[in-house]
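Notes for the one structure printed next.
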Amino acid sequence: MSDTEVFGWKFSKLINNKNYDFKRDKILDVCGEDNVLDAYEVISGWQNYNTTPLINLEKLSKKLKLNNIFYKDESKRFHLKSFKALGGAYAVQKITQGDKSTTVATATAGNHGRSVSWGAQRLGLNCKIFISEFVSEARADVMRNLGADVIRVKGNYEASLKECIKQSKINGWEIIQDVAWEGYEKVPKLTMAGYSVMIKEISNQTDKYITHVFLQAGVGGMASGAIAGIAKYFKRIPKIIIVEPETADCVLQSVEKGEIQKIDIKKESIMGGMSCGEVSLVPWRILKNAVNICVSISDDNIAKTIAMLEKKYFSNEPIIAGECATPGIISLIAASENENIKNKLELSDESNILLIGCEGDADENLYKKLLNEGIKELI
Ligand SMILES: Cc1ncc(COP(=O)(O)O)c(C=O)c1O
Numbered sequence: 002m003s004d005t006e007v008f009g010w011k012f013s014k015l016i017n018n019k020n021y022d023f024k025r026d027k028i029l030d031v032c033g034e035d036n037v038l039d040a041y042e043v044i045s046g047w048q049n050y051n052t053t054p055l056i057n058l059e060k061l062s063k064k065l066k067l068n069n070i071f072y073k074d075e076s077k078r079f080h081l082k083s084f085k086a087l088g089g090a091y092a093v094q095k096i097t098q099g100d101k102s103t104t105v106a107t108a109t110a111g112n113h114g115r116s117v118s119w120g121a122q123r124l125g126l127n128c129k130i131f132i133s134e135f136v137s138e139a140r141a142d143v144m145r146n147l148g149a150d151v152i153r154v155k156g157n158y159e160a161s162l163k164e165c166i167k168q169s170k171i172n173g174w175e176i177i178q179d180v181a182w183e184g185y186e187k188v189p190k191l192t193m194a195g196y197s198v199m200i201k202e203i204s205n206q207t208d209k210y211i212t213h214v215f216l217q218a219g220v221g222g223m224a225s226g227a228i229a230g231i232a233k234y235f236k237r238i239p240k241i242i243i244v245e246p247e248t249a250d251c252v253l254q255s256v257e258k259g260e261i262q263k264i265d266i267k268k269e270s271i272m273g274g275m276s277c278g279e280v281s282l283v284p285w286r287i288l289k290n291a292v293n294i295c296v297s298i299s300d301d302n303i304a305k306t307i308a309m310l311e312k313k314y315f316s317n318e319p320i321i322a323g324e325c326a327t328p329g330i331i332s333l334i335a336a337s338e339n340e341n342i343k344n345k346l347e348l349s350d351e352s353n354i355l356l357i358g359c360e361g362d363a364d365e366n367l368y369k370k371l372l373n374e375g376i377k378e379l380i
C-alpha cells in the first residue's frame, strides 16, 4: 500500500462519554486491588508462562503519521491462543485452591470454557461445561480434549447458563462464570483481575507513555480488566476508546444513556466473542466513568485486516490475528483518516497507541476462511 493511498474505512457510530471521570481508587475498589496484584503473582508463576509479545506496527504508524502503534499479541497466550486463558483458569485456581474433590462448572460460547477447562485440567479437577445448541462441535471438542465433560443444552446461551446453575446447585459444583449477576460477583472480579496481567506486562515492555488505548468489548470483562490494570500500573492515563460490533453495541448504548441498556441482536457479528447484548454488572461500574469514547464498526474490513496482518502490511513480522483481534486496528485507521475525529481524539505524530490483539486462530477453521477471503480482497 502506498503512502498516499487511503483505506476509506469508517465508524458506524461514535459517542463521547459525558460522564467521564477516571478515578484510580474507585476502579481498583470495584475489581479489588489485591486481586489485581495477586493475579500477576499467581499467573506469572504458572508453568510455561511467558509474557506475550508487544509488537510495534511500524509500517502502520508511518502510514498514519503516529509515533508508535503497539499491538499486544495474545495469540501467544499459553497454548490457548487468546487473552481468555488469563481469566477463567485463574478464577478456577482461586476459588478451588486446587482441592481435587471440587468439580467446576461453567456455561460458555467457547473461549471462556476453554480457559476454565484448562484451569481445571492444570489442577486435576473435574469440569462440566454447558454449551448451547449454537456452539460448534469443533469448539466442544477443544474443551473435551482439555478433559472437560461437555453438556449440550437446547436453546441459546441463556438456557445453557440456567442449566449450569441448576445442575451445579443440585450437585454442589463451583460455578466459574465470567459474567456477574445479583449476588454473584466474586468470580467475575477474579476473571477481570486475570485480564489485567496484560497491562502489567505492557508496563514492563515499553517505557513510552501510552496516549490512547483501544479496547474491544463483548460484555465488558476484558475492557474493564484492562482498565483496572491501567489504573494500577500506568503512570499517565491514556484516552480509552471502546470498540464494539455495530450490531451489538451494548456498552456504547449504555454509556450514551448513562445506564445499562439491553440490545436485541438482530444479526450476529463475525466477531462472535463480542456479539453480546448486555454489559455485565461489575464491568459496568468501571466502564461507565472510565471510558472517553465508544465506537462501533461493521464486519466489512475484518477479513482484509486479518490478511494484512498476516502479510506484513502493518509490521515487519507476520501476525496471526483472529476476528476479535482486528477492531482496534480498524478503528485506529478510521479515526486517523477523518480530520474531525483525529482532532477530537487528539491523535498526532506524538501519539503512542495501544491495541489489544485479543486472539489468534483460536477458531482455526474460521481463521482460514477469513484469511482466504481477505487475501482475495488484497489482490
Ligand atoms: C475472543 C474474544 N472473546 C470475547 C471478547 C469480549 O470480552 P468481554 O466479553 O469480556 O468483553 C473479546 C474481546 O473483546 C475477544 O477477543
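Throughout the sequence shown, residue numbering follows the numbering used here, covering 2 to 380 in sequence.
Even glycine gets a Cβ: it sits at the ideal position worked out from N, Cα and C.
Values in this document were obtained by computation on a predicted structure and should not be read as measured data.
message: Assuming contact is defined by CB atoms lying nearer than 9 Å, are residue 229 and residue 28 in contact in what I supplied?
response: Between residue 229 and residue 28, the C-beta spacing is below 9 Å.
message: Tell me the rounded alpha-carbon separation between residue 248 and residue 268.
response: Approximately 6 Å between the Cα atoms of the pair.
- request: Please classify residue 14: does DSSP put it in a helix, a strand, or coil?
  value: strand
task: Flag residue 326 as yes when its Cβ comes closer than 8 Å to any non-hydrogen atom of ligand 1, and as no otherwise.
output: Distance from the C-beta of residue 326 to the nearest heavy atom of ligand 1 is below 8 Å.
7 Å CB neighbourhood of residue 299 in its chain, flanking five on each side removed: Correct list, in chain order: 13 and 247.
message: Is it the case that the stretch 315-322 contacts the stretch 34-47, given that we only count it when at least three CB pairs across the two stretches are under 8 Å?
response: no
task: Please list, in chain order, all residues of the same chain as residue 313 whose beta carbon is under 7 Å from its beta carbon, the five residues on each side excluded.
output: 319
query: When we look at the beta-carbon of residue 139 and count the other beta-carbons within 10 Å, is it buried (16 or more) or exposed?
result: exposed
query: Hey, quick one: how far does the alpha helix (DSSP H) through residue 75 stretch, first residue to last?
result: No alpha helix (DSSP H) contains residue 75, which DSSP labels as neither H nor E.
- prompt: Per DSSP, what kind of secondary structure is residue 142 in: helix, strand or coil?
  reply: helix
- request: Determine the burial state of residue 48: buried for a count of at least 16 other Cβ atoms within 10 Å of its Cβ, exposed for fewer.
  value: exposed
field: C-alpha gap between residue 103 and residue 150, whole angstroms
entry: 14 Å
query: Do the stretch 61-74 and the stretch 128-138 touch if we need at least three Cβ pairs shorter than 8 Å?
result: no
Residue environment, residue 2, which counts as buried when at least 16 other CB atoms sit within 10 Å: exposed
- prompt: Since residue 99 and residue 124 are thought to touch, with beta carbons under 8 Å apart, how far apart are those beta carbons, to the nearest angstrom?
  reply: 5 Å
task: Can you give me the Cβ contacts of residue 198 inside the same chain, cut-off strictly under 7 Å, excluding the 5 residues immediately before and after it?
output: 40, 41, 44 and 87
task: Give the C-beta separation of residue 18 and residue 295 to the nearest angstrom, bearing in mind that I take them to be a contact with Cβ-Cβ under 8 Å.
output: Rounded, the Cβ-Cβ distance is 7 Å, consistent with contact.
- request: Check the C-beta distance from residue 330 over to residue 356 and give it rounded, since I have them as a contact under 8 Å.
  value: 6 Å
- prompt: What are the uninterrupted segments assigned as alpha helix (DSSP H) that are 4 or more residues long and contained completely in the stretch 207-256, given in chain order?
  reply: 222-234
field: Secondary structure, beta strand (DSSP E): runs of 3+ residues fully inside the stretch 115-164
entry: The stretch 115-164 contains these whole beta strand (DSSP E) runs: 127-132 and 150-153.
message: For the structure I just gave you, are there three or more beta carbon pairs, one from the stretch 163-178 and one from the stretch 89-97, closer than 8 Å?
response: yes
- request: Please go through the same chain and pick out, in chain order, the residues whose beta-carbon is closer than 7 Å to the beta-carbon of residue 368, but skip the five residues on each side of it.
  value: 323 and 362
message: ligand 1 and residue 144: does the residue's C-beta get closer than 8 Å to at least one heavy atom of that ligand?
response: no
field: Alpha-carbon to alpha-carbon, residue 216 and residue 333
entry: 11 Å
task: Kindly indicate which three-state DSSP category residue 196 falls into: helix, strand or coil?
output: helix
DSSP state of residue 296 mapped onto helix, strand, coil: Here residue 296 sits in strand by DSSP.
message: Less than 9 Å between the C-beta atoms of residue 326 and residue 378, yes or no?
response: no
task: Report all residues from its chain with a CB closer than 6 Å to the CB of residue 121; omit the five preceding and five following residues, and keep chain order.
output: 93, 105 and 128
message: Using 9 Å as the threshold, is the C-beta distance between residue 186 and residue 126 below it?
response: no
query: How is the alpha helix (DSSP H) around residue 97 delimited, first residue to last?
result: Per DSSP, the continuous alpha helix (DSSP H) segment holding residue 97 begins and ends at 89-97.
- prompt: Is the Cβ-Cβ distance between residue 353 and residue 196 less than 9 Å?
  reply: In this structure, residue 353 lies away from residue 196, with their beta-carbon atoms at least 9 Å apart.
message: Can you determine whether any heavy atom of ligand 1 sits closer than 8 Å to the C-beta of residue 289, and answer yes or no?
response: no
query: From residue 118 to residue 183, what distance separates their C-alpha atoms?
result: 25 Å
message: What does the alpha-carbon distance come out to for the pair residue 58 and residue 349?
response: 16 Å
query: Quick one: what's got a C-beta closer than 8 Å to residue 156's C-beta in the same chain, skipping five residues either side?
result: 133 and 134
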